[in-house]
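Undergrad: Quick note, the sequence shown lines up with residues 36 to 167 if you use the numbering used here. For glycine and all other residues, C-beta sits at the position ideal for the given N, C-alpha and C. If you scroll down you'll find the structure; I have some questions about it.
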Amino acid sequence: MTPPTPGRITAVVLAGAAVAAVAAGVGCDVPPLPSDAAAGSDVGACYDGACEVAVRGVTDIPIDPGITSNTFQITDTSDDRVTLVERREMDVVTYEIPAGDHITDPRLTFEVLAIEDGTALVRLSAGRSESG
């Protein structure tokens with residue numbers, strides 16, 4: 036096996052530095068792409084009230100009933116917003132959440148981090164968000 040040429044090493048180092056800078060958020064305000072979800076598309080990761088997942092189209096979000104008895108379903112991920120339906124004991128509430136925004140209540144915060152080609156990157160966390 037022949038060693039790589041110096042040009043190739045430089046290219047790899049530069050590409051690696053660029054990837055590290057982007058991963059660290061250095062010098063850019065670009066939101067993460069939906070494919071960057073920590074749990075991929077496994078909405079089962081949301082059961083404990085904390086997840087970051089990529090979703091597309093109609094998707095039930097399972098939440099431990101010990102956190103809330105309400106149920107959540109994403110019904111649309113097109114355009115620049117996510118439609119979230121929350122079924123409560125006495126009523127049903129529909130939210131239109133634009134990319135970069137969130138809804139929150141005392142138990143859960145639901146954030147839409149980014150939307151690309153009909154796939155939304157969403158984050159669920161227990162309790163209120165600091166900005167909510």
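(1) Give the single residue among 128, 92, 160 whose Cα lies nearest to the Cα of residue 111.
(2) Check each candidate in 136, 124, 141 and name the one with the smallest Cα separation from residue 105.
(3) If you draw a straight line from the C-alpha of residue 66 to the C-alpha of residue 158, how long is it?
(4) I'd like the list of long-range same chain contacts for residue 83, defined as Cβ closer than 7 Å, with 5 residues on each side in sequence excluded.
(5) For residue 76, I'd like the list of residues in its chain whose CB is within less than 8 Å of its CB, leaving aside the five on either flank, ordered along the chain.
(6) Buried or exposed: which applies to residue 147, given that a residue is buried once 16 or more other Cβ atoms fall within 10 Å of its Cβ?
(7) Who are the Cβ neighbours of residue 81 in its own chain at under 7 Å, not counting the five residues just before and after it?
(8) Opposite residue 89 in the DSSP bridges: which residues?
(9) Apart from the five residues just before and just after residue 121, which ones in its own chain have a Cβ nearer than 6 Å to its Cβ?
(10) So, for residue 131: in the same chain, excluding its five sequence neighbours on each side, which residues have a beta-carbon less than 7 Å away from its beta-carbon?
TA: Put simply:
(1) Numbered from 1 along the sequence shown, position 76 holds the residue referred to as residue 111. Comparing alpha-carbon positions, the option among 128, 92, 160 lying closest to residue 111 turns out to be 92.
(2) In the sequence shown, residue 105 corresponds to position 70, counting from 1. Of the listed residues, the one whose Cα sits closest to residue 105 is 124.
(3) The residue given as residue 66 occupies position 31 in the sequence shown. The residue given as residue 158 occupies position 123 in the sequence shown. Confidence at residue 66 is low in this model, with a pLDDT of 49, below 50, so its placement is unreliable and the value that follows should be read with caution. Between residue 66 and residue 158, the C-alpha separation is close to 13 Å.
(4) For the purposes of this step, residue 83 is taken as residue 48 along the sequence shown, with counting starting at 1. Once the five neighbours on either side are set aside, the close Cβ partners of residue 83 are 99.
(5) Residue numbering aside, residue 76 sits at position 41 when the sequence shown is read from its first letter. Excluding positions up to five away in sequence, the list reads 88, 89, 90, 91.
(6) Start at 1 with the first residue of the sequence shown, and residue 147 comes out as number 112. Burial state of residue 147 is buried, judged by a 10 Å Cβ sphere holding 16 or more other Cβ atoms.
(7) What you label residue 81 is simply residue 46 of the sequence shown in a count that begins at 1. Closer than 7 Å at Cβ, skipping near neighbours: 88, 96, 97, 98, 159.
(8) On the sequence shown, residue 89 is found 54 positions in, with the first residue counted as 1. Under DSSP, residue 89 takes part in a beta bridge, and its partners are 156.
(9) Translated into positions along the sequence shown, residue 121 becomes position 86. Same-chain partners within the cutoff: 105, 107, 128.
(10) Here residue 131 refers to the residue found at position 96 when the sequence shown is read from its first residue. Counting only residues of its own chain and dropping the five nearest sequence neighbours on each side, residue 131 has a CB closer than 7 Å to the CB of 116, 118.
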